[in-house]
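Down below is the structure, laid out as structure tokens.
Protein chains: 2
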Amino acid sequence: MDYKKIDGGICAAKGFRASGTYCGIKKSADDTPETKHKNDVCLLVSDGLCNTAAVYTQNKVKGAPLLVTKANLEESGGKAIAVIANSKNANTCNADGVEKAERMCELVADELLIEKEHVLVASTGVIGQVLPIEPIEKAVPTLVKELSYTGNREAATAIMTTDTVKKEYAVEFELDGKTCRIGGMAKGSGMIHPNMATTLNFITTDCAVSAKLLQRALSDVVKVTYNCLSIDGDTSTNDMVILMSNGLAENAEIEHFGDEYKVFKDALYEVMKELTKMLAKDGEGATKLIECRCEGAPNTDTAIAVAKSVICSNLFKCAVFGEDANWGRILCAIGYADADIDIEKVDVELESEYGKILVCEYGAGVDFSEDEAAEILKSDEIIVNVSLYDGYCKATAWGCDLTYDYVKINGDYRT
Amino acid sequence: MDYKKIDGGICAAKGFRASGTYCGIKKSADDTPETKHKNDVCLLVSDGLCNTAAVYTQNKVKGAPLLVTKANLEESGGKAIAVIANSKNANTCNADGVEKAERMCELVADELLIEKEHVLVASTGVIGQVLPIEPIEKAVPTLVKELSYTGNREAATAIMTTDTVKKEYAVEFELDGKTCRIGGMAKGSGMIHPNMATTLNFITTDCAVSAKLLQRALSDVVKVTYNCLSIDGDTSTNDMVILMSNGLAENAEIEHFGDEYKVFKDALYEVMKELTKMLAKDGEGATKLIECRCEGAPNTDTAIAVAKSVICSNLFKCAVFGEDANWGRILCAIGYADADIDIEKVDVELESEYGKILVCEYGAGVDFSEDEAAEILKSDEIIVNVSLYDGYCKATAWGCDLTYDYVKINGDYRT
Chain A
1 MDYKKIDGGI
11 CAAKGFRASG
21 TYCGIKKSAD
31 DTPETKHKND
41 VCLLVSDGLC
51 NTAAVYTQNK
61 VKGAPLLVTK
71 ANLEESGGKA
81 IAVIANSKNA
91 NTCNADGVEK
101 AERMCELVAD
111 ELLIEKEHVL
121 VASTGVIGQV
131 LPIEPIEKAV
141 PTLVKELSYT
151 GNREAATAIM
161 TTDTVKKEYA
171 VEFELDGKTC
181 RIGGMAKGSG
191 MIHPNMATTL
201 NFITTDCAVS
211 AKLLQRALSD
221 VVKVTYNCLS
231 IDGDTSTNDM
241 VILMSNGLAE
251 NAEIEHFGDE
261 YKVFKDALYE
271 VMKELTKMLA
281 KDGEGATKLI
291 ECRCEGAPNT
301 DTAIAVAKSV
311 ICSNLFKCAV
321 FGEDANWGRI
331 LCAIGYADAD
341 IDIEKVDVEL
351 ESEYGKILVC
361 EYGAGVDFSE
371 DEAAEILKSD
381 EIIVNVSLYD
391 GYCKATAWGC
401 DLTYDYVKIN
411 GDYRT
Chain B
1 MDYKKIDGGI
11 CAAKGFRASG
21 TYCGIKKSAD
31 DTPETKHKND
41 VCLLVSDGLC
51 NTAAVYTQNK
61 VKGAPLLVTK
71 ANLEESGGKA
81 IAVIANSKNA
91 NTCNADGVEK
101 AERMCELVAD
111 ELLIEKEHVL
121 VASTGVIGQV
131 LPIEPIEKAV
141 PTLVKELSYT
151 GNREAATAIM
161 TTDTVKKEYA
171 VEFELDGKTC
181 RIGGMAKGSG
191 MIHPNMATTL
201 NFITTDCAVS
211 AKLLQRALSD
221 VVKVTYNCLS
231 IDGDTSTNDM
241 VILMSNGLAE
251 NAEIEHFGDE
261 YKVFKDALYE
271 VMKELTKMLA
281 KDGEGATKLI
291 ECRCEGAPNT
301 DTAIAVAKSV
311 ICSNLFKCAV
321 FGEDANWGRI
331 LCAIGYADAD
341 IDIEKVDVEL
351 ESEYGKILVC
361 EYGAGVDFSE
371 DEAAEILKSD
381 EIIVNVSLYD
391 GYCKATAWGC
401 DLTYDYVKIN
411 GDYRT
């Protein structure tokens, strides 16, 4: 099956409009030069009622918007029409958080003349600062007025925090003789170590899929994409992925496992994997994307545990930043992965566009050319291949290097 | 019970001699200016046979010296006389690692005319580089010749890698009408996230304790000291704590739980806690010690999980470096701790020698003075008090801030 990459992000699928604007959630005096002119609130609206799946952070501290989104989806039986999201303030750990998040849904519902429970809400930014509602009250009429089938860029920039680039991806595929599309946008740069969810991600499709299978596909694909991503080991309080299907592609609704479901799920994987890589590459302060591919595992969970352990190691991340082929740190990280492995079988290779080199065989070092390894590590996309020789399962995890700029960005994030 | 702090480190207890020297394990061309004139190998010898307890890393990649030490202690029934240790090379992930580690024990045994299984061995440094044995062969006669009851400083500097200060601590206490002493030395600065063990730590005592209770005390105290320490989340392959008791204080051997055992265990806690704090404070690139005290927990494991989660958070570590009272990151870290907690009961305070301030109550932010908080965070020892209001258990964990220098040190460690 071919998935054609297309433009349009969350507006790529038929019948999805979006808009974004700057409303001044942070007082301009507090704004850093980078964020001053960036949108801070956005709206996504479907032309038809959507089957909607969602996954949320496993952090026990949950952002108020997440609680309200969850409650609304429960009340509506998994149906939604609109999503409002803001950056610069997470609306988390505030006594009036739920009240403010509900108010955001109400504002959108009133303006669009739809039910409040069909509006979902998400926030990202600083934790524990009271969210000013006035700027959002003023912004909602503008957001509704400016809704557009090409508004994806305005929306994608509105959810950025320390992100340096907006993250959008979309694909097109054939199903049932109809052209279907899946597109998404994501934000995130720090506090990223998703656990059954990730930082804000919104995915839209016009492909008709039953609510049950939509949730199943989302949960399955999250496990091998966003949940295999780590920037800094910190699981956010506001992680959320929302997947909305309005069925406007007019394919026969996918209600059973089978070929059609597989086509849809693979397309969803494509979009979520690409967004995951964009998130990793734009990790706070990052100069290099690190991809660890673990193969030869007895099961997928083992492969995930090993791959994630490698891309999470602060020490290895620093070595990648320094372009130092310090493979001992890879072995060390494999060794403390929460998985049952026989270290004496393990091979490790370093790879990039500049070549590939074996650095460890049977769990011990091999004589390799440091010059050649240094050349490979010059790339801004580094691949670590780990072979366990203990089965046929595999998984990939994505992360980034740890740099001076990560420390700089996070040494003084709030001011 | 009073524990008097005394000098002498591993030589504080009666009948322990030590020595250290520079033998050139790394070719001098490779040596950085900092390490060039530092000792790189040391020897510790007891005047009498010691009951010896040990704990080892839970990393599945285990250094060869650790395997040999474990085998020797099994063969000798938990008795030892001497320990040889080197820095600059971990002798881990090398095909000839065990052979080299055994050779180190043999060299010492031959020179001291003792059994090989009474010699323990430890190594620390780069993983995956073949250990040159010749420099050690040459050094052993010197080490034996220079053994001294005041040789603790020479030994403590020989195990340093990226450490900026040597770590020694010792206490004296009365037991059974006799004066007993416990002293220790530790190394470690990076790759520190101990799990049932920690980076190299050697503790000696002249207090007579049965082998069984010695191991029990060590395992119990490790859990609430070294295992509550994290510099960077990376569990080392060569972690090891060795506790040797030669009984030369001539107290009646402690063979049962009771008052004497408690006195000994508390003294051991004192030494290991102080060494733990030294390790945290000298974390790679660190400018500040972070201590998280969790109280009001339903059990000790919950308190440990919460306290460790806070001191492990890269984001909070960066905030401490930037002296930013970003308490939302503390709440976030508590939220993803592997423990069952009710976040709506949680209070958080920041404390230092400059004062104390409540920043979060019932899981939500309180209105506090940012100026006052900034003043408190200027200290180089920051305490985070977390109250769970869900029981009477407590625990403390130690870590350090994450700084530019951590990245610098680890971007190019091998050269």
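Chains A and B supply the protein sequences, listed in that same order. When we follow the numbering used here, the leftmost residue of the first sequence carries the number 1, and every step to the right adds one. When we follow the numbering used here, the leftmost residue of the second sequence carries the number 1, and every step to the right adds one. Where is the CB? At the ideal position from N, CA and C, for every residue including glycine.
- Look at asparagine 51 of chain B here: in three-state DSSP terms it is strand.
- Within the stretch 334 to 345 of chain B, contact with chain A at the beta-carbon level (separation under 9 Å) is assigned to Ile334, Gly335, Tyr336, Ala337, Ala339, Asp340, Ile341, Asp342 and Ile343.
- Listed by position along chain B, the residues whose Cβ is nearer than 7 Å to that of alanine 364 of chain A are Cys93, Asn94 and Ala95.
- No Cβ of chain A is located within less than 8 Å of the beta carbon of valine 310 of chain B.
- Remark: C-beta atoms of cysteine 42 of chain A and isoleucine 136 of chain A do not approach each other more closely than 8 Å.
- DSSP links alanine 208 of chain A through a beta bridge to no other residue.
- The beta-bridge partner set that DSSP reports for arginine 17 of chain B consists of B:Val45.
- If you draw a straight line from the Cα of isoleucine 133 of chain A to the Cα of alanine 71 of chain A, it comes to about 20 Å.
- Leucine 402 of chain B and isoleucine 330 of chain B have their C-alpha atoms some 15 Å from each other.
- Distance from alanine 208 of chain B to glycine 247 of chain B at the Cβ level is roughly 3 Å; contact confirmed, criterion being Cβ atoms closer than 8 Å.
- In the same chain as phenylalanine 173 of chain B, and ignoring 5 residues on each side of it, the C-beta atoms closer than 6 Å to its own belong to Tyr3, Cys180 and Ala267, in chain order.
- Straight-line measurement puts the Cα of aspartate 324 of chain A at about 27 Å from the Cα of alanine 186 of chain B.
- Here the alpha carbons of aspartate 176 of chain A and glutamate 250 of chain A stand approximately 9 Å from one another.
- Around the beta carbon of aspartate 259 of chain B, fewer than 16 other beta carbons sit within 10 angstroms, so the residue counts as exposed.
- Around glutamate 75 of chain B, the same chain offers Glu117 as residues with beta carbons nearer than 8 Å, after the five sequence neighbours per side are excluded.
- Between the stretch 284 to 302 of chain B and the stretch 380 to 400 of chain B there are three or more inter-stretch CB-CB distances shorter than 8 Å, so the stretches are counted as touching.
- In terms of beta-carbon proximity, threonine 302 of chain B stays away from the interface with chain A, with every pair separated by 8 Å or more.
- Interface residue (Cβ-Cβ distance to chain B less than 8 Å): leucine 331 of chain A is classified as such.
- The alpha-carbon separation between serine 19 of chain A and aspartate 7 of chain A amounts to approximately 16 Å.
- Distance between threonine 204 of chain B and glutamate 102 of chain B, taken at the CA atoms: about 23 Å.
- In terms of Cα proximity to glycine 322 of chain B, the closest of B:Cys50, B:Gly184, B:Val224 and B:Ser379 is B:Ser379.
- The criterion of a C-beta distance shorter than 8 Å is satisfied by isoleucine 182 of chain A and alanine 170 of chain A.
- Tyrosine 389 of chain A has a beta carbon lying at 8 Å or more from every beta carbon in chain B.
- Taking 4 residues as the shortest admissible run, the stretch 313 to 400 of chain B contains the following complete alpha helix (DSSP H) segments, listed from N- to C-terminal end: 314 to 321, 328 to 335 and 370 to 376.
- Within its own chain, the residues whose Cβ lies closer than 7 Å to the Cβ of valine 140 of chain B, once the five positions on either side in sequence are excluded, are Leu107, Val108 and Glu111, listed in chain order.
- Here the alpha carbons of tyrosine 149 of chain B and cysteine 11 of chain B stand approximately 6 Å from one another.
- Closer than 8 Å at the C-beta level to chain A, one finds these residues of the stretch 226 to 237 of chain B: Asp232, Gly233, Asp234, Thr235, Ser236 and Thr237.
- Take the alpha-carbon of serine 313 of chain B and the one of glutamate 253 of chain A: they are about 44 Å apart.
- Listed in chain order, the non-local C-beta contacts of lysine 273 of chain B below 6 Å within the same chain comprise Thr225, local neighbours out to five positions each way being set aside.
- By alpha-carbon distance to isoleucine 25 of chain A, the top candidate from A:Val55, A:Leu131 and A:Ala82 is A:Leu131.
- At least 8 Å separates the beta-carbon of aspartate 234 of chain A from that of methionine 278 of chain A.
- Under the Cβ distance rule, asparagine 410 of chain B counts among the residues neighbouring chain A, one pair being separated by less than 8 Å.
- Contact with chain A is absent for asparagine 86 of chain B, since none of that chain's Cβ atoms lies less than 8 Å from the residue's Cβ.
- Valine 126 of chain B is bridged by DSSP to B:Asn89.
- Rounded to the nearest angstrom, the Cβ distance from valine 384 of chain B to alanine 373 of chain B is 12 Å, too far for a contact under 8 Å.
- The contact set of leucine 131 of chain B on chain A, defined by CB atoms closer than 7 Å, is empty, because the minimum CB distance reaches about 12 Å.
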